[in-house]
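Protein chains in written order, with this note's numbering: chain B, -3 to 276; chain F, 50 to 346. Ideal placement from N, C-alpha and C gives every residue a C-beta, glycine not left out. Since the structure is predicted, the reported quantities are computational estimates derived from the model, not experimental observations.
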């Protein structure tokens, strides 16, 4: 009976499935669309009822204004510098750690691995005050270094790299050793090229995380010239909460790089996300 | 295999290389992850405003916090936030995952991208956009509700609705993540189970109830734990949507920590809040660990 009922109206099932996905998809998309539309409106259009869905002509000047006179160019540059340095170094450091745990035997291996992995259980916020004090002690508060150094430590990265490097056949490493390669050379010329997909997945992961990071730079950075874009955006909102067209232009700038990276590396990113979910 | 002439094959040489590879990570992790956890505990036992000298007070802050009205409010708000967002985002994620994984769906990758956009987007930018959407006077949401005949609402500006408004954004942002993980979980269920259920004459609901749901149990469990941990750490969303102002209606644990530490410079007290958060999260993680062990053992 039931099976017949299921077969009887596949069209209805199909149509409703598509409707559900389209409605859901639009719900996900609309805030972004509204952000872009608002970012192209004039101040007058902003407050019009009914809302102006197609601002003609689009006011591109909002972007120039945000970019030039409200320092977003600088915020953007800061975020680019910090994110790229952190991404490259966090991936390298994770690979080094992962290689060590995957391919060597040494006293204290288990304990050391736990020492790294246990940091997964430490919420970032608990270490906020000590980090602030440590960087204050080092004289590195309000510098790029303050944003860069803590970002380099990814316990997930070490774990992930260990998983992938374990799969590299031992023979490959040994034949390089027989050819006279040193361990560092093996890491550089054998291990890294063999885990390229994993490296790019982790890189995308780290990049998105550090680009979006907020609470630590909020605490560590005080001068306007050094603010990353998230902090710059948040302080701009607090100062100019009536200029929503400019705020939306700023928010768009804060989102574009991550969305671009996501669209370009979608496969790697999703693979990374699924891996975090399946690591249990 | 080769004689000891080439010491590079020796255990000592290998071990030394391993330590060398671990040196940089070890220093960084110690300085910026593990040591701070210890330091946080020590500071939590002191009275310190960063400029003056620190005074040892033992567990006073931990006891004071239990009687602190703001802390209790922040705690219950965090719990309310967690209980409200985690199941909703879970149900939404599973629902959309099941629809998108239906055999006949085309453009699957396109839909997946749409649902995942909010996940990768920064919380600050998202919160900023929603702040504008929620605007009581000119926000698009009130124009929509008014057209639907529901009237206008205060959203974030209304103390009774503020936290729920924040939760809506959190749910909207997490559904895509849960969906992706559930999609992977659904793909991992062997098709033969469904075929067997169909032969037994199972309805759609019955095959969901007796095949899909039990098979997804580990995934659901993982997502619940992750959801709880993330909810306990909610900050960016609250900070941006409330313009950094501490209010009873929207105060959450991390926000209170931030406020105590960097607005009032009460570092010891704030560190004690941090340790309570740490203990709560550790508890959740250990429950997960323990029940995983039990399942395997």
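Is the beta carbon of residue i sitting closer than 8 Å to the one on residue j?
| i | j | result |
| --- | --- | --- |
| residue 254(B) | residue 207(B) | yes |
| residue 173(F) | residue 98(B) | no |
| residue 250(B) | residue 226(B) | yes |
| residue 68(B) | residue 228(B) | yes |
| residue 125(B) | residue 224(F) | no |
| residue 35(B) | residue 245(B) | yes |
| residue 303(F) | residue 326(F) | yes |
| residue 315(F) | residue 117(F) | no |
| residue 146(F) | residue 231(F) | yes |
| residue 281(B) | residue 113(B) | Since the first residue shown for chain B is -3 and the last is 276, residue 281(B) is missing from the structure and cannot be characterised. |
Check whether the Cβ of residue i lies closer than 8 Å to any Cβ atom in chain F.
| i | result |
| --- | --- |
| residue 30(B) | yes |
| residue 208(B) | yes |
| residue 13(B) | yes |
| residue 69(B) | no |
| residue 78(B) | no |
| residue 222(B) | no |
| residue 204(B) | yes |
| residue 179(B) | yes |
| residue 119(B) | yes |
| residue 299(B) | In the structure as shown, chain B starts at -3 and stops at 276, and residue 299(B) therefore has no counterpart that could be examined. |
Our contact map puts residue i next to residue j with C-beta atoms below 8 Å; I'd like the distance itself, whole angstroms only.
| i | j | result |
| --- | --- | --- |
| residue 167(F) | residue 24(B) | 6 Å |
| residue 162(F) | residue 219(F) | Going by Cβ atoms, the distance from residue 162(F) to residue 219(F) rounds to 21 Å, so no, they are not a contact pair. |
| residue 118(B) | residue 82(F) | 6 Å |
| residue 141(B) | residue 82(B) | In fact, because the Cβ distance is near 11 Å, the residues do not count as touching under 8 Å. |
| residue 76(F) | residue 13(B) | With a Cβ gap of about 53 Å, residue 76(F) and residue 13(B) do not count as contacting. |
Does the CB of residue i have a neighbour CB from chain B at under 8 Å?
| i | result |
| --- | --- |
| residue 324(F) | yes |
| residue 342(F) | no |
| residue 67(F) | yes |
| residue 240(F) | no |
| residue 139(F) | no |
| residue 120(F) | no |
| residue 287(F) | no |
| residue 74(F) | yes |
| residue 293(F) | yes |
| residue 225(F) | yes |
Ends of the alpha helix (DSSP H) at residue i?
| i | result |
| --- | --- |
| residue 65(F) | 60 to 78 |
| residue 7(B) | 6 to 35 |
| residue 127(F) | 118 to 149 |
| residue 238(B) | Run containing residue 238(B): none; DSSP gives neither H nor E here. |
| residue 217(F) | 208 to 236 |
| residue 60(B) | 57 to 60 |
| residue 208(B) | 192 to 208 |
| residue 277(B) | Absent from the model: residue 277(B). The displayed extent of chain B is -3 to 276, so no value can be given. |
| residue 376(F) | Residue 376(F) is absent from the model: chain F starts at 50 and stops at 346. |
| residue 179(F) | 172 to 182 |
| residue 126(B) | 124 to 133 |
Out of the options, point me to the one whose CA is closest to residue i's CA.
| i | options | result |
| --- | --- | --- |
| residue 71(B) | 217(B), 137(B) and 113(B) | 217(B) |
| residue 102(F) | 216(F), 226(F), 317(F) and 304(F) | 317(F) |
| residue 57(B) | 130(B), 42(B) and 37(B) | 37(B) |
| residue 49(B) | 31(B), 65(B) and 60(B) | 31(B) |
| residue 89(B) | 110(B), 169(B) and 158(B) | 158(B) |
| residue 139(F) | 286(F), 270(F), 245(F) and 158(F) | 270(F) |
| residue 129(F) | 145(F), 237(F), 79(F) and 217(F) | 217(F) |
| residue 202(B) | 181(B), 39(B), 144(B) and 163(B) | 144(B) |
| residue 347(F) | 199(B), 224(B) and 100(B) | Because chain F spans 50 through 346 in this model, residue 347(F) falls outside it and cannot be assessed. |
| residue 123(F) | 222(F), 320(F), 337(F) and 296(F) | 296(F) |
| residue 127(F) | 306(F), 254(F) and 248(F) | 306(F) |
| residue 184(F) | 154(F), 201(F) and 246(F) | 201(F) |
| residue 71(F) | 42(B), 107(B), 14(B) and 9(B) | 107(B) |
| residue 59(B) | 95(B), 241(B), 233(B) and 156(B) | 241(B) |
| residue 75(B) | 266(B), 210(B), 259(B) and 270(B) | 210(B) |
| residue 80(F) | 52(B), 128(B), 22(B) and 95(B) | 128(B) |
| residue 20(B) | 176(F), 228(F), 74(F) and 215(F) | 228(F) |
| residue 9(B) | 60(F), 154(F) and 59(F) | 154(F) |
| residue 104(B) | 337(F), 68(F) and 328(F) | 68(F) |
| residue 165(B) | 51(B), 63(B), 190(B) and 18(B) | 190(B) |
Determine the chain A residues that contact residue i at a beta-carbon separation under 9 Å, and present them in chain order.
| i | result |
| --- | --- |
| residue 260(F) | Considering every chain present, this structure includes no chain A. Its protein chains are B and F. |
Mind checking whether the beta-carbon of residue i lies closer than 7 Å to any heavy atom of the ligand FMN?
| i | result |
| --- | --- |
| residue 104(F) | With respect to the ligand FMN, the structure offers nothing, as it holds no ligand at all. |
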